[in-house]
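Asker: Here's a structure for you.
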Amino acid sequence: MLEQLLIFTRGGLILWTCKEIGNALKGSPIDTLIRSCLLEERSGEVSFNYGAYTLKWTFHNDLGLVFVAVYQRILQLLYVDDLLCMVKESFSEVYDPKVMSYDEFDERFRQLRMEAEARGEEMRKVKVKVKPLNGVKKQGKVLKPEGGNKKESDGDGGDGGDEVKGNVSSLTNGNHKMEDDDDCVVNGKENSGGDDNNVGVDVSKLAKLRSKGVRGRGGLRKAESVGSNKGSSKVEPPKKATKKNRVWDDAAPKQQEKLDFTDSVDENGGNDSVEVAADQGESMMDKEEVLSSESESDDDEQRSDEKPEAKKKGWFSSVFQSITGKANLERTDLEPALKALKERLMTKNVAEEIAEKLCESVEASLEGKKLASFTRISSTVQGAMEEALIRILTPRRSIDIMRDVHAAKEQRRPYVVVFVGVNGVGKSTNLAKVAYWLQQHKVSVMMAACDTFRSGAVEQLRTHARRLQIPIFEKGYEKDPAVVAKEAIQEATRNGSDVVLVDTAGRMQDNEPLMRALSKLINLNKPDLVLFVGEALVGNDAVDQLSKFNQKLSDLSTSGNSRLIDGILLTKFDTIDDKVGAALSMVYISGAPVMFVGCGQSYTDLKQLNVKAIVKTLLK
Amino acid sequence: MEKLEDLKIVAEQWWNQGIEYLQKIPPNQLYAAIGVLLFTTVLLLLSFRLVRRTKSNTVLLSGLTGSGKTVLFYQLRDGSSHQGTVTSMEPNEGTFIFHTENSKKGKIKPVHLVDVPGHSRLRPKLEEFLPQAAAIVFVVDALEFLPNCRAASEYLYDILTNANVVKKKIPVLLCCNKTDKLTAHTKEFIRKQMEKEIEKLRASRSAVSTADIANDFTIGIEGEVFSFSHCGNKVTVAEASGLNGETVQIQDFIREYIKP
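These protein sequence lines are chains F and P, in that order.
Okay, so the first sequence: first residue is 1 according to UniProt numbering, each after it adds one.
Okay, so the second sequence: first residue is 1 according to UniProt numbering, each after it adds one.
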């Protein structure tokens with residue numbers, strides 16, 4: 001049952017709402033849709049869920065209008081996409097930029113709605129007849145709702161029909177839903193992202209796995225392989241009781257005793273071997289980046305060199321069209337340009353799923369737009385993509401950490417930052433860099449060694465603390481990290497430190513017990529900033545890491561509002577030359593801004609993300 | 001006296017010579033020359049006039065998302081906010097005279113009003129419009145002021161320290177919207193809170209080293225608590241209510257800088 005249908009301009013003015021269904025919507029679904037979906041460049045998705053509602057939308061890019069339909073999530077109305085299309089067409093005939101209210105459209109809408117509902121009913125009846133249900137439910141039950149449909153279809157615009165249909169669909173869950181997906185409709189493109197939003201049904205997920213291969217389910221595969229590794233390693237120890245040192249042919253046997261290199265220095269460390277890293281220069285966070293100005297002509301030349309075999313006829317017609325300004329951009333026109341753009345993004349190490357979604361979003365925003373004269377299609381697409389990328393990488397909230405630290409200082413409590421991430425990304429190293437930067441700005445820092453698992457983690461942090469001359473709170477190994485963190489924060493409150501940096505052990509995103517331990521740490525201590533440390537070398541796994549981390553943090557949180565990842569620290573940035581796509585994948589999938597960028601192994605190698613430079617590099 | 005007469009005789013001789021010379025030139029050329037002369041003088045006069053009148057008539061409506069800018073825009077233009085608004089994704093622009101001024105006779109200069117979206121992801125759009133602005137109206141939600149106080153003050157700080165605003169001394173109106181509601185704060189309270197927050201921002205932003213300043217300038221006087229009177233450009237405070245149509249103070253402010 002359609003709850004509401006709205007037409008509004010991109011500038012924010014509502015032009016028309018359906019007055020027949022005068023239901024007030026709970027909450028503010030439209031605003032949430034705009035803020036978390038359309039402005040986040042997810043306009044290529046099929047639908048958006050908010051509370052008990054599902055929203056579907058379509059754009060008229062030429063006139064700058066947005067059409068949104070809201071309906072109850074449990075009902076799966078087939079005719080919504082169809083209806084949106086028809087409404088779009090008929091409204092664009094009536095639309096006039098000067099007219100602000102369109103009361104005469106009510107009548108037209110009522111007709112369109114009845115048509116759409118009738119068509120939806122027909123389609124459903126055809127499906128129910130043609131596709132036999134795989135013994136999930138009996139035939140008898142199918143016949144009954146059919147009879148019910150015939151009775152009530154002439155009644156109140158398919159109300160009863162929809163409810164009964166709801167029953168049918170809940171019975172024939174997986175199958176029916178898949179059919180919906182397959183036959184989907186005028187506007188909608190199916191992509192796995194959109195479907196994840198709908199009511200998760202295992203059957204449909206498995207079917208998708210089968211049909212689309214294991215794209216995006218890399219995590220699943222990885223869990224299996226990790227499991228198998230564990231299995232095989234467990235088999236080995238029972239065989240050998242003790243481990244004999246392997247003798248290599250070229251090594252002299254007497255060198256075996258000298259393999260233990262630990263100093264005889266005790267835990268506090270001898271003072272003579274300490275070099276205090278007091279002043280290694282300004283942290284690169286405080287230096288401005290010099291942008292190299294390259295002209296656009298370079299890009300054009302490169303592109304034309306790459307494809308010398310472009311069809312002459314295609315080039316000539318595109319030039320002709322660019323001069324005259326073709327009427328409307330169609331999807332077929334945009335496809336080649338978008339495909340090339342997607343390939344280019346993927347060569348820059350953007351995850352495949354993200355590149356796909358971005359291209360769909362740009363396509364949705366350009367379709368139907370009039371091409372300005374003297375512009376090529378590819379340059380229009382490039383411009384739209386550039387805008388979209390800048391919009392994604394611009395932080396949604398302020399990333400002024402200094403301000404937050406001062407605010408916490410006023411409240412007389414320490415500002416707690418927790419560093420999380422998978423193994424080996426550089427958490428401890430970058431923690432030290434952040435401590436150095438904060439110290440340079442006269443903020444008193446304290447480290448908390450909550451990595452109680454990895455050998456040498458506590459010593460590593462101790463060395464950094466000694467060099468930077470900041471206090472460290474540690475309890476050794478094999479302790480509960482959540483408790484260690486809690487005590488560290490209490491200690492910091494006692495001795496008046498401004499910031500507490502908490503180092504945690506690296507963990508794979510699929511490791512259930514470790515993720516549970518991490519969310520316990522976060523729930524217990526309620527840090528001010530949860531910083532996800534990710535390396536810039538990561539490829540498609542970034543998507544999986546971040547989404548799993550966020551999911552586990554929200555699933556396993558005890559209190560009402562769950563803490564998710566608040567910021568991203570991108571490390572090993574100096575190892576990638578221009579393949580900067582990991583930044584984009586991470587920001588897109590999590591919505592968290594990139595707060596720091598680590599670009600080297602010394603204390604001063606910490607920068608801020610330069611959005612324009614990244615966008616330029618991505619689109620070069 | 002003799003010298004004068006001598007000068008007179010010399011002048012007369014020159015005059016006669018000039019007339020003889022002129023009479024020798026064919027009349028067409030003469031007319032053409034006079035025409036070109038007139039034309040260039042007219043052109044020069046016009047260009048002087050244009051150079052003098054580059055004063056733009058652009059007014060920016062900015063503020064956080066949800067503060068009521070789009071409602072105010074349509075109130076000023078049409079006198080009503082029609083059927084409501086949602087979060088803007090693109091700027092609303094229009095050149096018009098105010099709805100309340102429709103009844104006045106005579107030629108009133110229209111105002112180019114731009115409503116810039118307040119969502120943080122669309123912040124760069126404001127930078128596009130700042131160079132052409134003659135005045136800025138910063139809209140603040142007086143109802144939900146305290147939860148958004150920090151974000152609003154950061155936005156206002158960024159505007160006040162922008163290079164264009166400082167150099168051209170663009171006047172800013174801090175407009176407290178939604179004052180028709182009972183629990184809305186007063187404009188004095190809002191002004192004091194904003195001044196306090198900006199003072200804190202001044203302290204924290206200047207603590208960062210000189211190369212890192214994201215803002216081009218600092219505002220206020222060193223050593224004194226920040227107050228809006230310290231700004232080079234004029235900052236005033238006003239109240240308004242978008243839904244009720246009380247936009248008189250905004251209109252007065254705009255008309256102060258864009259003479260009708």
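Backbone N, C-alpha and C fix where the C-beta goes; we use that ideal spot for every residue, glycine too.
How far does the beta strand (DSSP E) with residue 49/F in it extend, from its first residue to its last?
Answerer: 48 to 50
Asker: Please say whether residue 445/F and residue 484/F have beta carbons closer to each other than 8 Å?
Answerer: no
Asker: Classify residue 374/F as helix, strand or coil using the three-state DSSP reduction.
Answerer: coil
Asker: Tell me the residue span of the beta strand (DSSP E) that contains residue 446/F.
Answerer: Where residue 446/F is concerned, the enclosing beta strand (DSSP E) starts and stops at 445 to 449.
Asker: Are at least three pairs of beta-carbons, each pair with one atom in the stretch 592 to 601 of chain F and one in the stretch 371 to 379 of chain F, less than 8 Å apart?
Answerer: no
Asker: Any beta carbon from chain F within less than 8 Å of residue 208/P's own beta carbon?
Answerer: Model confidence at residue 208/P stands at a pLDDT of 47, short of 50, so the residue's coordinates are unreliable; what they give is reported in the following sentence. Output row for residue 208/P: interface = yes.
Asker: Would you say residue 13/F faces chain P, with C-beta separation under 8 Å as the test?
Answerer: yes
Asker: Please determine if the stretch 501 to 514 of chain F and the stretch 556 to 568 of chain F are in contact, where contact requires at least 3 C-beta pairs separated by less than 8 Å.
Answerer: no
Asker: Does the CB of residue 348/F have a neighbour CB from chain P at under 8 Å?
Answerer: no
Asker: Go ahead and label residue 559/F buried or exposed: buried means 16 or more other beta carbons lie within 10 angstroms of its beta carbon, across all protein chains shown.
Answerer: Under this definition residue 559/F is an exposed residue.
Asker: Consider the Cβ of residue 618/F: report whether some Cβ of chain P lies at a distance smaller than 8 Å.
Answerer: no
Asker: Can you confirm whether residue 287/P, when its beta carbon is compared against all beta carbons of chain F, has any partner nearer than 8 Å?
Answerer: For residue 287/P there is no data in the structure shown, the boundaries of chain P being 1 and 260.
Asker: Roughly how many angstroms separate the alpha carbons of residue 417/F and residue 492/F, rounded to a whole number?
Answerer: 13 Å
Asker: Consult DSSP for residue 508/F and reduce its assignment to one of helix, strand or coil.
Answerer: In the structure shown, residue 508/F adopts coil according to DSSP, grouped into three states.
Asker: Where DSSP assigns a beta bridge to residue 419/F, which residues make up the other side?
Answerer: 503/F and 531/F
Asker: Compare the C-alpha of residue 343/F against each of 406/F, 330/F and 359/F and name the closest.
Answerer: For residue 343/F, the closest alpha carbon among the candidates 406/F, 330/F and 359/F is that of 359/F.
Asker: Would residue 291/F count as contacting chain P if we go by Cβ distances under 8 Å?
Answerer: Note that residue 291/F has pLDDT 49, beneath the 50 cutoff, so the model's placement of it is unreliable and the number below is only indicative. Cβ-Cβ to chain P under 8 Å: no for residue 291/F.
Asker: With burial defined as no fewer than 16 other Cβ atoms inside 10 Å of the residue's Cβ, what is the status of residue 53/F: buried or exposed?
Answerer: buried
Asker: Any beta carbon of chain P sitting closer than 8 Å to that of residue 394/F?
Answerer: yes
Asker: Please name the residue in 437/F, 610/F and 17/F whose C-alpha comes closest to that of residue 401/F.
Answerer: Shortest Cα-Cα distance from residue 401/F to any of 437/F, 610/F and 17/F involves 437/F.
Asker: Label residue 164/F either buried or exposed according to how many other C-beta atoms from any shown protein chain fall within 10 Å of its C-beta, with 16 as the threshold for buried.
Answerer: Caution applies to residue 164/F, whose pLDDT of 42 falls short of 50 and renders its modelled position unreliable; the value that the coordinates give is listed next. So residue 164/F ends up on the buried side.
Asker: With a threshold of 6 Å on Cβ separation, who are the neighbours of residue 143/P within its own chain once the five nearest residues in sequence on each side are excluded?
Answerer: 178, 181 and 184
Asker: Which of the three DSSP states is assigned to residue 211/P in this structure?
Answerer: Because residue 211/P carries a pLDDT of 39, less than 50, the predicted location of this residue cannot be relied on, and no value is offered for it.
Asker: Which residues in chain F have a C-beta closer than 7 Å to the C-beta of residue 154/P? List them in chain order.
Answerer: Per Cβ cutoff of 7 Å: 398.
Asker: Answer yes if the stretch 42 to 53 of chain F comes into contact with the stretch 23 to 33 of chain F, meaning at least three C-beta pairs across the two stretches below 8 Å, and no otherwise.
Answerer: yes
Asker: Assign residue 58/F to one of three DSSP states: helix, strand, or coil.
Answerer: strand
Asker: Touch check for the stretch 53 to 67 of chain P and the stretch 79 to 87 of chain F: three-plus C-beta pairs under 8 Å?
Answerer: no
Asker: Compare the C-beta of residue 8/F against all C-beta atoms of chain P and say whether one is closer than 8 Å.
Answerer: yes
Asker: So, at 7 Å on beta carbons, what are the nonlocal neighbours of residue 116/P in its own chain, with the 5 sequence-adjacent residues on each side left out?
Answerer: 60, 61, 62, 91, 125, 126 and 129
Asker: Using a Cβ-Cβ distance cut-off of 8 Å, determine whether residue 192/P contacts chain F.
Answerer: Not one chain F Cβ lies under 8 Å of residue 192/P.
Asker: Are the C-beta atoms of residue 212/P and some chain F residue less than 8 Å apart?
Answerer: Any reading at residue 212/P is ruled out, since the residue's pLDDT is 43, under 50, leaving its predicted position unreliable.
Asker: According to DSSP, is residue 235/F helix, strand or coil?
Answerer: Because the pLDDT at residue 235/F is just 45, under 50, the model does not fix this residue reliably, and the value given afterwards should be weighed accordingly. The answer is helix: DSSP assigns residue 235/F an H, G or I state.
Asker: Establish whether the CB of residue 391/F and some CB of chain P are separated by less than 8 Å.
Answerer: Interface residue, yes.
Asker: Going along the chain, which unbroken runs of the alpha helix (DSSP H) with 4 or more residues stay wholly within the stretch 123 to 166 of chain P?
Answerer: 124 to 129 and 145 to 160
Asker: Here's a check: name, in chain order, each residue in its chain whose Cβ is nearer than 8 Å to the Cβ of residue 32/P, leaving out the five neighbours to either side.
Answerer: none
Asker: Can you grab the Cα-Cα spacing for the pair residue 495/F / residue 76/P, in whole Å?
Answerer: 57 Å
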